[in-house]
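Protein chains in written order, with the numbering used here: chain F, 599 to 758; chain X, -12 to 198. Data block below; observations after.
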Amino acid sequence: MANEIEEFDALRKLLALKRHEVPPPGYFDRLPREIHVRLAAARQPQARPERRANPGPNWLARLLSLAETQPVFLGSLGVAVCGLVLSGIVYSHRRVETATPILPELVKSAPPMQTLGDLQNLPTHEGSSTNPVLPYSPAGLRFDGSWLNAAPASTPPVGR
Amino acid sequence: MPPTDPVGAEPSPPEAVTLPLAEQEEDALVAQSLAGKLEAYDELIRRYQGRVYTTIYNMTANHEDANDLVQEAFIRGFQALGSFKGDSSFYTWVYRIAVNKTLNFLKSRKSKTMMSLNDLDLSAENDPDLVALISEQTPRRDAALKELQEKLNEALLKLSETHRMVVVLHDVQGVPHEEIARLMDCNIGTVRSRLFYARQLLQSHLANYLK
Chain F
599 MANEIEEFDA LRKLLALKRH EVPPPGYFDR LPREIHVRLA AARQPQARPE RRANPGPNWL
659 ARLLSLAETQ PVFLGSLGVA VCGLVLSGIV YSHRRVETAT PILPELVKSA PPMQTLGDLQ
719 NLPTHEGSST NPVLPYSPAG LRFDGSWLNA APASTPPVGR
Chain X
-12 MPPTDPVGAE PSPPEAVTLP LAEQEEDALV AQSLAGKLEA YDELIRRYQG RVYTTIYNMT
48 ANHEDANDLV QEAFIRGFQA LGSFKGDSSF YTWVYRIAVN KTLNFLKSRK SKTMMSLNDL
108 DLSAENDPDL VALISEQTPR RDAALKELQE KLNEALLKLS ETHRMVVVLH DVQGVPHEEI
168 ARLMDCNIGT VRSRLFYARQ LLQSHLANYL K
């Protein structure tokens, strides 16, 4: 200990210089008044327009202020949150592990897959919601265009 | 002719003799502040503003930042006075708020290193430690106090926030190890090791001024 004091003796003397640094004259006379004003302003938050225009999250402000007064509490809260997240991750992994054995049974019970030949032998259809294109069949056209044949008008145009 | 009391009026009770705020105990001032008496809180501010300011200023090396943080610490102290249980002194409690505010501020300010120098008070020239340092032990006898101030602040700013806080509290403010441990929420061994490490770093940074 004595060695340490001797070792840093010059440094401690130099650091003593810091004790003599003082703020601008009159600063400490003004400080209580300035704090007073800010306290009064903080007591009437609804009177401040910027506060009304942009209300911040109240719980966040409370949490931050708690960090300043009781950092241990906030630390333990952080540990608890981390623990919850970790347990959530572990729990979700366990659920996935228990779910995997069910899959092979589902595969076994599924109908056999159709081959390409089976698909080619499928009956033709006349259009569906998934295939709106109708097969071409000139003999059985549903639209023969007969009603387009124009006939002469039986009455003269108005005004003649 | 002396005024006569109105008929039927009860005699007023004698006024309780109250001490001026400046002479009252800290507990009494805290109780009055809790009751919303701002004058009592002003007195508490007056008592501790010097020490709180000096610590924060030495941590930030900037008067404007220190001013903001001192104000915020005392405002927070007033707002949270309801949670003050009295198991420590009000001074320790508000000092702790200031320390935490300063450390949080410095962590968020990482990139900015604006430095401003406050003037030295007149008693600095009579400080035997300083006189010895400048006129006898140091090879750079022509080093001005201003230059020393700058170099010292630069060296302090090179330390981490926690190491700087320990040096400022112990070597500048004279706060004992046990109190620093309470203020910084760590054990005494950590305080001692941080102090030793910080002094070693400062010594290496200020080698030219300490030979």
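Think of the CB as a built atom: it goes at the ideal place given N, C-alpha and C, for glycine as much as any other residue.
Return no unless some Cβ of chain F is closer than 7 Å to the Cβ of residue i.
i	result
X/H50	yes
X/N195	no
X/D55	no
X/N174	no
X/F77	no
X/R33	yes
X/L189	yes
X/D129	Its pLDDT being 47, under 50, X/D129 is placed unreliably by the model, and the measurement read from it follows with that caveat. So, not an interface residue.
X/F92	no
X/R186	yes
X/D14	no
X/V215	What the structure shows of chain X is the stretch from -12 to 198, and residue 215 of chain X is not part of that stretch, so it cannot be assessed.
X/V17	no
X/M(-12)	For X/M(-12), the predicted model reports a pLDDT of 43, less than 50, meaning its position is unreliable; a value from the coordinates is still stated below. Closer than 7 Å: no.
X/L156	no
When you compare the CB of residue i with every CB in chain X, is at least one pair closer than 7 Å?
i	result
F/R641	no
F/F606	yes
F/R610	yes
F/H691	no
F/L658	no
For the alpha helix (DSSP H) that contains residue i, what are its first and last residues?
i	result
X/E10	Careful: X/E10 lies outside any alpha helix (DSSP H) and carries neither H nor E.
F/D607	D607 to L613
X/F61	H50 to Q66
X/L25	L25 to T47
X/A194	A194 to L197
X/H164	H164 to M171
X/F71	Careful: X/F71 lies outside any alpha helix (DSSP H) and carries neither H nor E.
X/H150	E148 to V154
X/L144	L132 to L144
F/D627	Y625 to R641
X/R83	F77 to S95
Cβ atoms of residue j and residue i: under 7 Å apart, would you say?
i	j	result
X/V157	X/L182	Contrary to the premise, residue 157 of chain X reads as His rather than Val in this sequence. Yes, the pair counts as a contact, with Cβ atoms nearer than the cut-off.
X/E13	X/F61	no
X/L56	X/T89	yes
F/L629	X/Q36	yes
X/T42	X/Q160	yes
F/L637	X/F92	no
X/V154	X/A185	yes
F/L682	X/Q190	no
X/E30	X/L16	yes
X/N45	F/K611	no
X/A9	X/Q19	no
X/L170	X/V39	no
X/H50	F/P621	yes
X/I84	X/R63	yes
X/L143	X/R151	yes
Can you list the residues of chain F that residue i reaches, using a CB-CB cut of under 8 Å?
i	result
X/G37	F626
X/V81	In chain order: nothing, as chain F lies at least about 10 Å away.
X/L139	L612, L613, L615 and K616
X/V153	Under the 8 Å cutoff, chain F gives no residues; its nearest Cβ is about 12 Å from X/V153.
X/P146	The identity of residue 146 of chain X in the sequence shown is Leu, whereas the question assumes Pro. Neighbours of X/L146 on chain F: none; closest Cβ ~12 Å, over 8 Å.
X/L135	L612 and L615
X/L68	Under the 8 Å cutoff, chain F gives no residues; its nearest Cβ is about 10 Å from X/L68.
Could you list which residues in chain F have their beta carbon closer than 9 Å to that of residue i, in chain order?
i	result
X/I62	I633, R636, L637 and A640
X/Q11	Within 9 Å Cβ-Cβ: nothing; X/Q11 doesn't reach chain F, min ~16 Å.
X/L6	The contacting residues do not exist; X/L6 stays about 19 Å from chain F at best.
For a contact meaning CB atoms closer than 7 Å, what does residue i contact in chain F?
i	result
X/D74	Within 7 Å Cβ-Cβ: nothing; X/D74 doesn't reach chain F, min ~13 Å.
X/V159	L613, K616 and R617
X/L21	Per Cβ cutoff of 7 Å: no residues; X/L21 is ~14 Å from chain F at best.
Anything in chain X within Cβ reach of residue i, meaning under 7 Å, just list it in chain order.
i	result
F/V677	Those within 7 Å of F/V677 in chain X number zero; the least Cβ separation is about 15 Å.
So which residues on chain X does residue i lean against when the C-beta distance must stay under 9 Å?
i	result
F/L629	I32, R33, Q36, Y40, N54, V57, Q58 and F61
Please compile the residues from chain X whose C-beta is within a distance smaller than 8 Å of the C-beta of residue i.
i	result
F/V670	D172
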